[in-house]
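Input: a single structure, listed below in structure tokens.
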Amino acid sequence: MRILMIEDDAETADYLRKGLGESGHVADHAATGPDGLSMALAGTYDALIVDRMLPGLDGLTLIKSLREQKVPTPVLILSALGQVNDRVRGLKAGGDDYLIKPFAFSELLARLEALARRGGAEDAVATRLMIADLEMDLLARTVRRGGRKIDLQPREFRLLEYLMRHAGHVVTRTMLLEGVWDYHFDPQTNVIDVHISRLRGKIDKGHAAPLLHTVRGAGYSLRAPS
Amino acid sequence: MRRANLIKSSAFRLTLLYMILFGTSVLGLLAFIYLSTIAVIDRQTEDTIDAEVRGLAEQYREQGLARLIEVIRLRSSIEGQDYYLLTDPNLRPLAGNLSAWPKEAEGAKDWVDLTVTRNSKGQEVSHDVRAQLFTLSGGYRLLVGRDTHERTNIRSIVVKALGWSVAAAVGLGLVGGIVISRRMLRRVEHVARTSQGIMAGDLSRRMAVTGSGDEFDRLATSLNAMLDQIERLMTGMRLATDSLAHDLRSPLTRLRGRIELALRQPPQAARDREALADVLRQAELALSTFDSLLKIAMAEAGVGAADLRVIDLAAVARDAAELYEPVAEEAGIRLRIETQGGAMVRAQPELLAQSITNLIDNAVKNTPSGGEITVAVGLSRSSVTLRIGDTGPGIPAVDRQRVLDRFVRLEESRSTPGAGLGLSLVAAVAKMHGAQLHLGDAGPGLVITLIFPIAASAHDSAEWRAVTEA
Ligand SMILES: Nc1ncnc2c1ncn2[C@@H]1O[C@H](COP(=O)(O)OP(=O)(O)OP(=O)(O)O)[C@@H](O)[C@H]1O
Ligand SMILES: [Mg+2]
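Those protein sequence lines, which keep their order, are chains D and L.
Residue numbers for the first sequence follow the numbering used here, beginning at 2 and rising by one.
Residue numbers for the second sequence follow the numbering used here, beginning at 819 and rising by one.
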């Protein structure tokens, strides 16, 4: 992936560039709002990382002008402002996801990959999702694996749907809490782990090749056996 | 400077305007009185003269010229306000107290105003006279007049009164204006001085309220209320930052200690990595502690209390319970949820959800296998009640207040993970939402009750739906 970071803190930018490079991505860096805007307009990037507070031009205005110029590149907003209002404002301005500083690198990477993927494939209108022999019918709200029907509770269904839409990529616990429960805080106990192991019991039990994997230190990933 | 202020003040301008209005109406009133009095006097004079002339003409008609002359002589001899003159057709005087036919009357037809000079006690005095001219049969001419000094007197009285009242109006208006605007300016200046004092840093200062209940009092009262609110928020924020700084010291000190320890030992890849992982864990812990503290501080200070929305408490509670259901099941605990419809409260959805998960989290952590947790939402006419009960050990009555403080964890919980901030957030959120928080004995177990004021307005919730769907 080609990624543009618009971030005024040199150390954060450096650490992000290294991290992204190690994960096989190429990252360009702009330190001010105006520079970032012209680079974003000129280059072809798979995703942008935009800090909210930038010298010259603040992040939200930058995103707004990008959207006005019909640049559809997905944007991940980074911000030290973590209040609900701030997040809503960021997404309204045209951001696609919002991450509060400080963050874990694995969290940023997972979100970035999810965003870039969303920017490419337009399967939002699909009525059927499929990973290997796991099949989800979004209209009938049924799930089958190897032709056998699996009974899921409504929330389990949404959890699986989220994982299937992000198949092949790492999904973090916070992404699941936000995407499936609409919670933007972390409950103390690792409740998500238990939900996942329940789901795993329903879709992977009795099958030789598991689909739902735990990615150590990062989250989960649903993928077809290679 | 001060005078310029005074003249520029709106109170003074108002007084000036009133003064002009008052003066003009006094003027108009006096003019009206004057004109109508004059008219009455004029008519009276003319009526009297008219009657006199008719009387004299009758005398002439019935008893002849000699008699008329006699009567006129008799009347003229009485020193008074009346003037008579009888002449022959050639205007030669026959009788009366005027020496000659006046020039003003020469061309005149019947009514005429004259000025007559009369010798009174050796002094020439001129009189204004209103007179009627009459021609008798035989061409004799008769003039009957009356002194109009009364009219002149009244005029001078009115003019004098006019002068005085205008002077009084201007004087009173000026004095009143100055006094009133001084008073208003003084109070405005007081407000200005007080706010300058506040801007200079003394937030405890307040506007004086006189108790008269006037506009200035109302202004001062609402300004004071605003200042109270600002002071409350600022004190809250100050306390928050103070305690934040204090509370963050210990995890950061631990972190630093861990790093120093690792650096003091000789390098060894495996051990260093372990130390790094440990440091990362500690840093994460410190960050999450920081987040919780910040959230608690903001809720305590009431930040965000302005944009509460009407939401269904039962739905929030159900979602939270559902999130914990698998955890409870795994721990061998039954999680029951009982809700009632229409449990609308004004709340910040996210903080409310987090508070409820905190409570359920505590219940799950403290309830032994085989126990039961009940999450219930009920409502009365004026309130919505959330009750979370468990069958664990409960909290002794003496500790029920203490556990709400930051970092307080009871002895029995030392082995379980936690920072001791869960209940502190619940307490702060309750305060922010105007909800009562109560910790009780479920016998056995703990029961926590949160009583919210009900938000009955369906209109509000429709509005909220519109907002969330937008
Ligand atoms: N349901 C309960 N039953 C018995 N004791 C409880 C219960 N809930 C809380 N307590 C006691 O109150 C203390 C404070 O609770 P609080 O939620 O504030 O902190 P914590 O759960 O220890 O940590 P954190 O919530 O920050 O992870 C707990 O440590 C525990 O001793
Ligand atoms: Mg707790």
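Glycine included, C-beta positions come from ideal geometry on N, C-alpha and C.
{"Asked": "What residue range does the alpha helix (DSSP H) around L:Val1195 cover?", "Found": "That residue, L:Val1195, is in no alpha helix (DSSP H); its beta strand (DSSP E) goes 1190-1197."}
{"Asked": "If distances are taken between C-alpha atoms only, which option among D:Phe106, D:Ala94, D:Ser198 comes closest to D:Leu67?", "Found": "D:Ala94"}
{"Asked": "Are the CB atoms of L:Ala1139 and L:Val1202 nearer to each other than 9 Å?", "Found": "no"}
{"Asked": "Taking 9 Å as the threshold (beta carbon to beta carbon), is D:Val172 in contact with chain L?", "Found": "no"}
{"Asked": "To the nearest angstrom, report how far apart L:Gly1120 and L:Lys1113 are at their CA atoms.", "Found": "10 Å"}
{"Asked": "Counting only runs of 3+ residues fully inside the region 100-163 of chain D, write out the beta strand (DSSP E) ranges in chain order.", "Found": "129-132, 135-138, 143-146, 149-151"}
{"Asked": "Using only CA atoms, which one of L:Asn915, L:Arg1072, L:Ala1133, L:Ile838 lies nearest to L:Met1162?", "Found": "L:Ala1133"}
{"Asked": "D:Val181: which of D:Asn191, D:Asp187, D:Gly202, D:Arg156 sits nearest, CA to CA?", "Found": "D:Arg156"}
{"Asked": "Starting from the N-terminal end, write out each residue whose C-beta falls within a distance shorter than 5 Å of any non-hydrogen atom of ligand 2.", "Found": "L:Asn1180, L:Gly1240"}
{"Asked": "If we cut at 9 Å on Cβ distances, does D:Gly44 have a partner in chain L?", "Found": "no"}
{"Asked": "Listing by chain order, which chain L residues have their CB less than 8 Å from the CB of D:Val89?", "Found": "What D:Val89 touches in chain L: nothing, since even the nearest Cβ is about 10 Å away."}
{"Asked": "Along the chain, where does the beta strand (DSSP E) containing L:Val1202 start, and where does it finish?", "Found": "1201-1207"}
{"Asked": "If you follow the beta strand (DSSP E) that D:Ser222 is part of, which residue opens it and which one closes it?", "Found": "220-223"}
{"Asked": "Do L:Lys1183 and L:Thr1234 have their beta-carbon atoms positioned less than 9 Å apart in this structure?", "Found": "yes"}
{"Asked": "Rounding to the nearest angstrom, what Cα-Cα distance links L:His1277 and L:Gln1166 in this structure?", "Found": "Low local confidence applies: a pLDDT of 48 at L:His1277 is under 50, so the model's placement there is unreliable, and no value is given."}
{"Asked": "Quick check: the region 1079-1096 of chain L against the region 1056-1065 of chain L, are there 3 or more CB pairs under 8 Å?", "Found": "no"}
{"Asked": "In the structure shown, what three-state DSSP assignment does L:Ser1187 receive?", "Found": "coil"}
{"Asked": "Below 9 Å between beta carbons: does that hold for D:Asp170 and D:Glu179?", "Found": "What sits at residue 170 of chain D in the sequence shown is His, not Asp. The answer is no: Cβ separation not under 9 Å."}
{"Asked": "Starting from L:Gln1100, find everything on chain D with Cβ-Cβ shorter than 9 Å and list it in chain order.", "Found": "Result: empty, since nearest Cβ-Cβ is about 14 Å, beyond 9 Å."}
{"Asked": "Taking 8 Å as the cut-off, is the beta-carbon of D:Leu135 closer than that to any non-hydrogen atom of ligand 1?", "Found": "no"}
{"Asked": "Could you list which residues in chain L have their beta carbon closer than 7 Å to that of D:His196, in chain order?", "Found": "Pro1144"}
{"Asked": "Counting Cβ pairs closer than 8 Å, one from the region 1144-1153 of chain L and one from the region 1174-1191 of chain L, do we hit at least three?", "Found": "yes"}
{"Asked": "Just checking: is the beta-carbon of L:Ser1279 within a distance shorter than 9 Å of some beta-carbon in chain D?", "Found": "Low confidence applies to L:Ser1279: its pLDDT is 47, below 50, so where it sits in the model is not reliable, and the reading given next is rough at best. No, because no Cβ of chain D sits closer than 9 Å to the Cβ of L:Ser1279."}
{"Asked": "Check L:Ser1030 in the structure and name its three-state DSSP category.", "Found": "coil"}
{"Asked": "Shortest alpha-carbon distance to D:Asn191 belongs to which of D:Val76, D:Leu212, D:Ser80, D:Leu177?", "Found": "D:Leu177"}
{"Asked": "Can you name, in chain order, every residue of its own chain whose Cβ lies under 6 Å from the Cβ of L:Ser983, other than the five neighbours on each side?", "Found": "Val844"}
{"Asked": "Count the other CB atoms within 10 Å of the CB of L:His967; is the residue buried (16 or more) or exposed (fewer)?", "Found": "exposed"}
{"Asked": "At a CB-CB cut-off below 8 Å, which residues of chain L make contact with D:Arg199?", "Found": "Pro1144"}
{"Asked": "List, in order along the chain, the chain D residues whose C-beta lies closer than 9 Å to that of L:Glu1230?", "Found": "The contacting residues do not exist; L:Glu1230 stays about 17 Å from chain D at best."}
{"Asked": "Output yes if chain D places a C-beta closer than 9 Å to the C-beta of L:Met1116; else output no.", "Found": "yes"}
{"Asked": "Among the residues of its own chain, which have a CB less than 8 Å from the CB of L:Met1052, if the five just before and after it don't count?", "Found": "Leu1021"}
{"Asked": "Compute the minimum distance between the beta carbon of L:Ala1135 and the heavy atoms of ligand 1, and state whether it is under 8 Å.", "Found": "no"}
{"Asked": "Report the residue from D:Val195, D:Thr175, D:Arg146, D:Gly25 whose alpha carbon sits nearest the alpha carbon of D:Asp187.", "Found": "D:Thr175"}
{"Asked": "Would you call the CB atoms of D:Leu82 and D:Asp98 closer than 9 Å?", "Found": "no"}
{"Asked": "Is it buried or exposed, L:Tyr901, if we count other Cβ atoms within 10 angstroms and call 16 or more buried?", "Found": "buried"}
{"Asked": "Can you name the residues of chain L whose CB is closer than 8 Å to the CB of D:Phe158?", "Found": "Those within 8 Å of D:Phe158 in chain L number zero; the least Cβ separation is about 13 Å."}
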